[in-house]
Amino acid sequence: MKTGILGGSFNPPHLGHLFIAQSVYQEFGLDEVLLLPLGTPPHKTHIAPREAREIMCRMLAKAADGLQVCTIELERQGYTYTVDTLRQMRQQYPGHSFYYIIGTDTLFQLEHWRDYRQVFEYTEFICVPRPGDDRAKVEDKIRQFRREYQKEILLSTAVGPNISSTGVREAICQNRSTDGMLLPEIRDYIERMHLYAEA
2 MKTGILGGSF NPPHLGHLFI AQSVYQEFGL DEVLLLPLGT PPHKTHIAPR
52 EAREIMCRML AKAADGLQVC TIELERQGYT YTVDTLRQMR QQYPGHSFYY
102 IIGTDTLFQL EHWRDYRQVF EYTEFICVPR PGDDRAKVED KIRQFRREYQ
152 KEILLSTAVG PNISSTGVRE AICQNRSTDG MLLPEIRDYI ERMHLYAEA
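Just so you know, we're using our numbering here: the sequence shown kicks off at 2 and counts up by one.
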């Protein structure tokens, strides 16, 4: 079974996340994409409670075929490393082939991940470009991984939309429209729970 993994703070989950998950699911013939919300990263501010982000991720997952929510990192205390999460997922999802979905910013940081060579053994990678990326530079980096690590990184033809969770939070804080950025039911939930009163 081909399982995509889209990790992030999802603070909040927005239509950019949905676009990326749907695009990769269709383009690479995945059987499912798991939304993997992080716990509480130490460097993040204005982050909604874990329970709230899980609920919002479940709302997002209902909006498209093949999306599920994985709470492994939410359930863990303290800082979580991807290598530990993948090790646990391999036990929890036997027989699955994993495809970790990343942006180009992460592509250039992969070699700085803890135990990155072990990570390379646990998962494949699908890179989704961002608007304005230098595609030649991205392709050069992918060739470097192939040459130095014999690691093939798949490059999506989709380009992620220019939506950020920071921008969404600012719009909510300023009581501006989030049409085209958030599912209406997620906006309703945020307002009902008084999340992001300060961006």
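In this text, a Cβ means the ideal position worked out from N, Cα and C, and glycines have one as well.
Contact test: residue i Cβ vs the ligand SAM heavy atom, cutoff 6 Å
| i | result |
| --- | --- |
| I73 | As for the ligand SAM, it is missing from this structure, which has no ligand bound. |
Bridge partner(s) assigned by DSSP for residue i
| i | result |
| --- | --- |
| V160 | DSSP output for V160 lists no bridge partner at all. |
| Q69 | L35 |
| E125 | Y100 |
CB contact below 7 Å: residue i versus chain B
| i | result |
| --- | --- |
| V160 | Looking at the structure shown, chain B is missing, and only one protein chain is on hand. |
Pairwise C-alpha distance: residue j and residue i
| i | j | result |
| --- | --- | --- |
| F146 | E186 | 41 Å |
| T72 | I6 | 12 Å |
| S24 | R131 | 13 Å |
| H18 | L183 | 10 Å |
| T179 | E149 | 43 Å |
| M2 | F29 | 12 Å |
| Y123 | R115 | 13 Å |
| V129 | G104 | 5 Å |
| I56 | F121 | 31 Å |
| E192 | T81 | 29 Å |
| E203 | Q89 | Coverage of the chain is limited to positions 2 through 200, which leaves residue 203 absent and any answer about it impossible. |
Cβ-Cβ distance between residue i and residue j below 7 Å
| i | j | result |
| --- | --- | --- |
| L75 | R51 | yes |
| V34 | G67 | yes |
| Q27 | V84 | no |
| V70 | A62 | yes |
| I21 | G181 | no |
| G40 | R77 | yes |
Which of helix, strand or coil DSSP assigns to residue i
| i | result |
| --- | --- |
| F29 | coil |
| E153 | coil |
| F11 | coil |
| K142 | helix |
| G17 | helix |
| T4 | strand |
| query | On the three-pair Cβ rule with 8 Å, is the region 89 to 108 touching the region 142 to 162? | reply | As far as the Cβ criterion goes, the region 89 to 108 touches the region 142 to 162, which means the pair count is three or higher.
| query | Quick one: any contact between the region 85 to 101 and the region 135 to 148, if contact means 3 or more CB pairs under 8 Å? | reply | No, the region 85 to 101 is not in contact with the region 135 to 148.
| message | With three or more C-beta pairs closer than 8 Å as the rule, is the region 11 to 23 touching the region 163 to 182? | response | In this structure the region 163 to 182 lies against the region 11 to 23, because at least three pairs of beta carbons, one per stretch, are closer than 8 Å.
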